[in-house]
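Numbering (the UniProt record's numbering), first residue to last: 1 to 170. Beta carbons: idealized from backbone N, C-alpha and C, even for Gly. Written out below as structure tokens is the structure these notes cover.
As structure tokens, this is what we get:
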């Protein structure tokens, strides 16, 4: 039994957090405001799986709150968003998107009578957001519905809209 004027010091179990005063006092047979011991922050499970990418470090089944993992995209994919996600009280922050590249189709280019404007552009892919410039093949010109600006095409989420050239005299 405690008497008026007595005091007690609180301590929480390991990894729990004390919220409130560490010491409480007995005043006229009642205790002053008592603290509580909070559960430690919730852990997170394995980080979200993303399309066309993965985490850099080996995946764990459980992560401490406030820990983070880093993502990378597969070859030629564009990382949109933060490459790092954080565990916060049992929830992961939003993971990035890995956006597909545009794959140049030689068949479509031939069908539309196109060549690449720059000789160093002999690559077969282009990153999301990049521009690709085309020219008409020799003895061809832009189709009547095509403007000069239509030959500079931006790769958008794996999609390209090819311009079209027609043979002179047709």
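Selection from the options that minimises the alpha carbon distance to residue i
i, options, result
"residue 131", "137, 71, 88, 155", "155"
"residue 93", "34, 110, 70, 26", "70"
"residue 168", "158, 150, 125, 138", "138"
"residue 64", "46, 22, 166, 76", "46"
"residue 108", "124, 128, 98, 89", "124"
"residue 1", "101, 29, 38", "29"
"residue 21", "38, 10, 59", "10"
"residue 8", "126, 88, 33", "33"
"residue 90", "68, 152, 76, 24", "68"
Residue interval of the beta strand (DSSP E) (run including residue i)
i, result
"residue 51", "Neither: residue 51 is in no beta strand (DSSP E) and is coded neither H nor E."
"residue 97", "97 to 99"
"residue 9", "7 to 9"
"residue 135", "131 to 136"
"residue 60", "No beta strand (DSSP E) contains residue 60, which DSSP labels as neither H nor E."
"residue 65", "Residue 65 -> no beta strand (DSSP E), and no H or E assigned at all."
"residue 167", "165 to 167"
"residue 114", "114 to 116"
"residue 81", "Run containing residue 81: none; DSSP gives neither H nor E here."
Beta carbon of residue i nearer than 8 Å to that of residue j
i, j, result
"residue 96", "residue 79", "yes"
"residue 73", "residue 53", "yes"
"residue 143", "residue 164", "yes"
"residue 76", "residue 58", "no"
Residue i - DSSP class collapsed to helix/strand/coil
i, result
"residue 43", "coil"
"residue 151", "helix"
"residue 36", "strand"
"residue 28", "coil"
"residue 12", "coil"
Inter-residue Cα distance where the pair is residue i and residue j
i, j, result
"residue 43", "residue 86", "11 Å"
"residue 134", "residue 161", "11 Å"
"residue 105", "residue 49", "30 Å"
"residue 129", "residue 112", "22 Å"
"residue 157", "residue 84", "21 Å"
"residue 127", "residue 81", "15 Å"
"residue 103", "residue 159", "8 Å"
Span of the alpha helix (DSSP H), counted from its first residue to its last, around residue i
i, result
"residue 110", "106 to 111"
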